[in-house]
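Undergrad: Heads up: the sequence shown runs through residues 422 to 569, numbered per my numbering.
We put the CB at the ideal spot given by N, CA and C, even for glycine.
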Amino acid sequence: MPTLVSVNVSTGGIPKLPVKICSVTLDGLQGDGRDHDKHVKKDRAISLIDIEILNQLIKEGYKVYPGAVGENFTVEKLNVQSLEPGDQLSFSGGLVIELVESRRPCFVLDTLGEQLKTDIVGRCGFLAKVLVENNVTPGEAITVLNNN
422 MPTLVSVNVS TGGIPKLPVK ICSVTLDGLQ GDGRDHDKHV KKDRAISLID IEILNQLIKE
482 GYKVYPGAVG ENFTVEKLNV QSLEPGDQLS FSGGLVIELV ESRRPCFVLD TLGEQLKTDI
542 VGRCGFLAKV LVENNVTPGE AITVLNNN
């Protein structure tokens, strides 16, 4: 079953650091800031990536961990890149989000390695908006509600 491995926030920029519980509103995660105005939109309230992708990047020599590439949610067994815009994710604690668009790498990743922006293309995760607000904690099960 897909699971939420880590919930990550920062006052802005990377890395985002894990928290044990977080309130999620239509605007995003409580305490999570964004350094660039283009990211301050309700349809970019949450970013998520698979832990399996982070593990691939580690094998490729990158020093990454949950939150390192700026994702709010690190998930497991979800295969985010196989999902589509409009798909919804329902978390066992009550939060519901909708995937909006695939995430594209940003220059802030340069601090993790010059080639990371190139190497992560196509596996950078997704941006999502919040449909149902709630608190969220690591370990929650995730149910995919496809849009088709």
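If Ile470 sits next to Glu492, beta carbons under 8 Å apart, how far is it from one beta carbon to the other, in whole angstroms?
TA: With 8 Å as the limit, Ile470 and Glu492 qualify as a contact, their Cβ atoms being about 4 Å apart.
Undergrad: Just verifying my parser: in three-state terms, what is the DSSP assignment at Thr539?
TA: Helix, per DSSP.
Undergrad: Sort Arg544, Thr564, Leu475 and Gly534 by Cα distance to Gly514 and report the nearest one.
TA: Nearest C-alpha to Gly514: Thr564.
Undergrad: Just reading off the alpha helix (DSSP H) that Thr438 is part of, what are its end residues?
TA: Correcting the residue identity first, residue 438 is Leu in this sequence and not Thr. Segment Leu438 to Val440 is the beta strand (DSSP E) holding Leu438; no alpha helix (DSSP H) there.
Undergrad: What do you get for Leu447, buried or exposed, if any count of 16 or more other CB atoms within 10 angstroms of its CB means buried?
TA: When all chains shown are included, Leu447 counts as exposed.
Undergrad: Between Val521, Thr539, Leu520 and Glu522, which has its C-alpha nearest Phe528's C-alpha?
TA: Looking at the Cα atoms, Thr539 is the closest of the given residues.
Undergrad: Pick out whichever of Val551, Ile479, Leu478 and Ser523 has its Cα sitting closest to the Cα of Leu510.
TA: The shortest Cα separation from Leu510 among Val551, Ile479, Leu478 and Ser523 belongs to Val551.
Undergrad: Per DSSP, what kind of secondary structure is Ile435 in: helix, strand or coil?
TA: Note: Ile435 maps to coil in three-state DSSP.
Undergrad: Comparing C-alpha positions only, which one of Ile479, Val428 and Ser431 sits nearest to Gly534?
TA: Checking every option, the nearest Cα to that of Gly534 belongs to Ile479.
Undergrad: Could you tell me which residues DSSP puts in a beta bridge with Ile518?
TA: Bridge partners of Ile518: Leu510 and Val551.
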